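The structure appears below as structure tokens.
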Amino acid sequence: MASSAAGLVYLMLILLTAVPSFGKDYTVGDSSGWALSVDYSTWASDKTFNVGDSLVFKYGSGHTVDEVSSSDYSSCTIGNSITTDNTGSTSIPLKTAGTHYFICGVIGHCSGGMKLAVTVAAGAGSATPAPAGTSVPPATAGGTSATFPTPTTTTSGNVPALSTSPGSVSAFVDMLLSTCLILVYKLIV
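Last residue of the sequence shown: 190 in our numbering, with the numbers rising by one and none dropped.
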């Protein structure tokens with residue numbers, strides 16, 4: 002009995018490493034990357050971002066990717082970033098639902114259009130729901146903004162509707178595999 006349970010644990014560990022992450026990587030600006038003279042509002046307008054997805058910024062020297070607050074985004078204030086990177090290839094995992102704000106921290110670049118706001122929808126199993134009616138502040142001086150739908154709820158308002166987004170599948174698979182591991186562990190002990 003113990004050897005078959007150990008075999009099941011081994012099988013589950015293999016499955017956990019074999020199951021790919023279902024989050025999607027979005028290259029900001031597509032082939033244009035993170036640069037001046039790109040319309041990020043248009044770029045983001047046909048995309049739906051979910052918890053588990055990632056934004057990939059590709060850019061040359063002389064630019065940065067700064068995650069900032071809503072007010073710093075609106076006013077293009079630099080120097081107060083939540084995170085900053087200038088490596089030329091920055092991947093930002095979208096770990097929480099809500100609106101995330103990004104600017105280039107080089108003087109004049111944000112006001113020249115290098116700013117992006119995305120609203121991330123919570124997938125099933127996400128611990129941080131997006132506030133109802135989340136929206137992005139209006140674009141300023143050539144800036145960009147994008148608004149995406151927040152998750153819907155059932156008519157009772159208590160239980161989120163089941164999402165078929167890739168991020169929700171990943172959360173479900175993780176939960177299922179974790180439950181199986183716990184059951185196998187209990188069989189061994």
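Each residue gets a CB set at the ideal place from its N, CA and C atoms; glycine is no exception. As the structure is a prediction and not an experimental result, all values here were calculated from the model.
Does residue i come out as helix, strand or coil in the three-state DSSP assignment?
i: Lys187; result: helix
i: Asp192; result: Here the chain covers residues 2 to 190 and nothing more, so residue 192 does not appear.
i: Ser75; result: helix
i: Ser46; result: helix
i: Asp86; result: strand
i: Asp31; result: helix
i: Thr180; result: helix
i: Asn159; result: Note on Asn159: pLDDT 42, under 50, position unreliable in the model; the coordinate value appears next. Correct three-state label for Asn159: coil.
i: Tyr60; result: coil
What's the gap between the Cα of residue i and the Cα of residue j?
i: Gly106; j: Val52; result: 25 Å
i: Ile118; j: Asp40; result: According to the sequence as given, residue 118 is Ala; it is not Ile. Those two C-alpha atoms are separated by around 12 Å.
i: Thr180; j: Gly24; result: 21 Å
i: Ala122; j: His101; result: 11 Å
i: Asp73; j: Thr120; result: 16 Å
i: Phe58; j: Lys48; result: 16 Å
i: Leu56; j: Lys96; result: 11 Å
i: Ile108; j: Ile93; result: 22 Å
i: Cys77; j: His64; result: 14 Å
i: Phe50; j: Tyr27; result: 9 Å
i: Tyr60; j: Ser112; result: 17 Å
i: Ile183; j: Asn87; result: 42 Å
i: Ser70; j: Ala98; result: 15 Å
i: Ala36; j: His110; result: 9 Å
i: Thr91; j: Ser32; result: 15 Å
i: Ser38; j: Lys187; result: 59 Å
Distance cutoff 7 Å, beta carbons only. Does residue i sit that close to anything in chain D?
i: Phe58; result: Absent here is chain D; the protein component of the structure consists of one chain.
Exposed or buried, which one is residue i when buried takes at least 16 other CB atoms within 10 Å?
i: Ser82; result: buried
i: Gly114; result: buried
i: Ser75; result: buried
i: Ser46; result: exposed
i: Lys116; result: buried
i: Ser42; result: buried
i: Ile189; result: exposed
i: Thr84; result: exposed
i: Asn159; result: Confidence in Asn159 is poor, its pLDDT being 42 and thus under 50, which makes the residue's placement unreliable; the coordinate value appears in the next sentence. Asn159 comes out exposed.
i: Pro152; result: Per-residue confidence for Pro152 stands at a pLDDT of 39, beneath the threshold of 50, marking its modelled position as unreliable; no derived number is given.
Please look up how many angstroms separate the CB atoms of residue i and residue j, rounded, as I've assumed it's under 8 Å.
i: Asp67; j: Ile104; result: 5 Å
i: Ser62; j: Gly80; result: That belief does not hold up - the Cβ atoms of Ser62 and Gly80 are roughly 20 Å apart, past 8 Å.
i: Gly34; j: Trp44; result: So it is not a contact: roughly 11 Å between Cβ atoms.
Please confirm whether any heavy atom of the ligand MN lies closer than 6 Å to the CB of residue i.
i: His101; result: Although the ligand MN was asked about, the structure shown includes no ligands whatsoever.
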